Structures are given as structure tokens and as C-alpha cells.
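A short write-up of the structure that comes next.
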Amino acid sequence: MMPLSSKRLLTYLNNSLNSLNYWLIPQTCFICGDATTLPMCSACLADLPFQGPACVRCATRLKKVGICKQCQKARPPYRHTQAVFSYLYPLDKLILAAKFDHNMAVLNLLGHLMAEHLIIEPRPDVLIPVPLHPKRLRHRGYNQSLELAKRISKHTGIPVDINACQRIINTPPQTSLSGKQRQSNLKGAFKVVRVEPHWQHLVLIDDVMTTGATVEELASVFIAAGIEQVDVWCCAKSNQNSL
């Protein structure tokens, strides 16, 4: 086993302690500050913006479940998308804390909530977390999509694979780009390294889906590699291109 660098070791220890705190140490609600044994109190959990009726392909909110006009016009390479939440307050605050503030307790909670509310039908062969470029992974210390996938895997028994694909281009962050810029920004960003012979149906795991440019590019390379069906499970769906 290779020795960990000082920064990676500190990140590992911090993540481990945060995970332990999540289960054992009384704390305050991340949203309202009330005493609780979880990162959120029951009242704030009840106020989370669960996703309502949506497009079955891209998870865009609709008045009733169906296929949105955009997906009717140009069908995405992924077949189905499930988003557990809408990217609204206070869910947006939770995801930002999990993604950028190393708050593993919140990330654990989001993973458990995803696992409890996703509809696992049909059952996929494998879960593929959207990969980070190695430079960004080293800077952040962890991949939030992988952490979510681990919780879902533990709950469902569906295996996670982190070696099937790589992010080979360190693209600029998507947050400040328009929809068209996001798509062009990700062209050629992913590479499929290997696909197991029994994989016919896989699910991409991501934290937030906005325009769908990231999962669209990744789904395309897996389909080109011979995968029959690619679906997407994300924690939250945003309709804001400025995310």
C-alpha cells in the first residue's frame, strides 16, 4: 500500500471522524440549529424539496409524469433519469456543504435518502459514479458522486465500479457556463476503459443534474462501448442553467 500524502491523510481522517460523528455524537441540525442525533432534525427533513412529477427521461419537472418536449424533440442517450430532490433550499445548501465543505455527515445523509427513495426497477448491473479528473480529485480529496454511489450500493446490493471510465480532460467547472457551453466543454472528456461482458444496463450516479450535459456525454461513450441501456440517478435536478 502506498503511503498517503499529508493532505490526503488529513482528508481521510477528517472524513472518517465525520462519518463516526454522523452515527454516534449528538449534534445540531445543519439547517435550523436544533439539537438532533442526525445532521438534520425531523422537521427540516420533512421540508426537503422532494421531486414531484417529472420527465421520465431527463427528470425535468412536469405537471404530470411523461416525456418533456425537449426529450421528444431530441432524445438523450440515457433512457431514464430519477432525481430524488429538486435543487431548491434547503437541499442546495446541503449539496454545497457536501461537495465543497468536506461535510461527510451531510453527504452520508444524502446518500441514505437517495437509497431509500429511488425506485430500483429494473435492477441495473452496476452503478457508475460520474468520475472527477485526477487533479480535481486530489484537490477535493473525494468524489461526492462515488460517496453517494457507495451508500446506494450498501442499501441495494448493486455493485459500484470506479474503473470502467476515466475523466481524461480537466474541463473548467460547469457552474458558470450556458447549456451549449456545457455540452461543448465536455466533448471528449470521458473515456471508457473497460466494460464487463455481463453489463447490459448501468446507472450513472451524480449529485446534481442541470442541463444533463455531463451524463449525456458519459452515457454516449458507454453506449458506443456496447452498453444497451444507461440510466441516471441523481440526488437533485435543477432547471437553473446558472448552477
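Reading the sequence shown from the start, the letters are residues 4 to 246 in my numbering.
Note that the Cβ used here is the ideal one computed from N, Cα and C, for glycine as well.
Computed from a predicted model, the values in this text were never measured in an experiment.
- If the five residues before and after Leu205 are omitted, its C-beta is found closer than 7 Å to the C-beta atoms of Pro127, Asp128, Val129, Ile131, Phe225, Ile230, Val233, all from its own chain and listed in chain order.
- Judged by DSSP secondary structure, Lys102 falls within the alpha helix (DSSP H) whose first and last residues are 94–103.
- Here Ser45 is exposed: its Cβ has fewer than 16 other Cβ atoms, across all protein chains shown, within 10 Å.
- Going by beta carbons, Gln147 and Lys190 fall outside the 7 Å limit.
- Cys238 sits close to Leu113, with the two beta carbons spaced by under 7 Å.
- Within the same chain, Pro134, Leu135, His136, Ala192, Phe193 come within 7 Å of Arg170 by CB-CB distance, once the 5 residues on both sides are set aside.
- For Gln203, there is no enclosing alpha helix (DSSP H), since its DSSP letter is neither H nor E.
- With respect to Tyr92, Val211 sits apart: the two C-beta atoms are not nearer than 7 Å.
- Within a 10 Å sphere around the beta-carbon of Asn173 sit fewer than 16 other beta-carbons, which makes this residue exposed.
- Short of 6 Å from the beta carbon of Val68, and not among the five residues preceding or following it, lie these beta carbons of its own chain, in chain order: Pro56.
- Setting aside the 5 residues that flank it on each side, Asp95 has no residue in the same chain whose C-beta is closer than 7 Å to its C-beta.
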